[in-house]
Amino acid sequence: MNHKSSFIKLYQKQILGWIIAVIGICTSLYFGIDKKIVVFVTFVISIFTQMFVGLGALIGMIPIVGPIIIKIVSIPVFWFFNAMGYVVSGIAIKKGYATELAKSRIVTLGLLIGIIIGYILGHMIPLK
Numbered sequence: 008m009n010h011k012s013s014f015i016k017l018y019q020k021q022i023l024g025w026i027i028a029v030i031g032i033c034t035s036l037y038f039g040i041d042k043k044i045v046v047f048v049t050f051v052i053s054i055f056t057q058m059f060v061g062l063g064a065l066i067g068m069i070p071i072v073g074p075i076i077i078k079i080v081s082i083p084v085f086w087f088f089n090a091m092g093y094v095v096s097g098i099a100i101k102k103g104y105a106t107e108l109a110k111s112r113i114v115t116l117g118l119l120i121g122i123i124i125g126y127i128l129g130h131m132i133p134l135k
């Protein structure tokens, strides 16, 4: 019982935020507000409050299945961003922005290498 109460006490703001978000979404859909507006407002609020990060952490805590669910959801997001990068790159090359595009690709490559190095070091060096 102590473990459950400490979990609720630790995540009380996130749980309250999710309850309010679900109630707000259901209420707005019930009153006939356009679904596109509801999705946009939810997206904007989630960016500033990091609600999806908390949800991902809660799902990731489920033994065995949680990390698999997070990987299934997050990998297509990276694929989508990569595809959008190629589309934007193709448009930029056609419009004559090749040098700026090369500079931005170098920055992106450096960012990806940094993420990979951080991931590897994070798994090699224990925090405890």
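Note that this note's numbering numbers the sequence shown so that position 105 is 112, with each residue one more than the last. A virtual CB, placed ideally from N, CA and C, is assigned to each residue, including glycine.
For arginine 112, the closest alpha carbon among the candidates Leu128, Val95, Ile71 is that of Val95. In this structure, DSSP gives glycine 103 a state outside helix and strand, which the three-state scheme calls coil.
Here the alpha carbon of serine 81 sits roughly 10 Å from the alpha carbon of proline 74. If you draw a straight line from the Cα of lysine 20 to the Cα of isoleucine 77, it is about 22 Å long. For isoleucine 44, the uninterrupted alpha helix (DSSP H) run begins and ends at 42 to 56, by DSSP.
Between valine 45 and serine 35, the CB-CB gap stays under 8 Å. Out of Trp25, Tyr93, Ile69, the CA that lies nearest to the CA of threonine 56 is found in Trp25.
DSSP places glycine 31 in the uninterrupted alpha helix (DSSP H) bounded by 19 to 37. In the structure shown, the three-state DSSP call for leucine 118 is helix.
Rounded to the nearest whole angstrom, the C-alpha separation of tryptophan 86 and glycine 92 is 10 Å.
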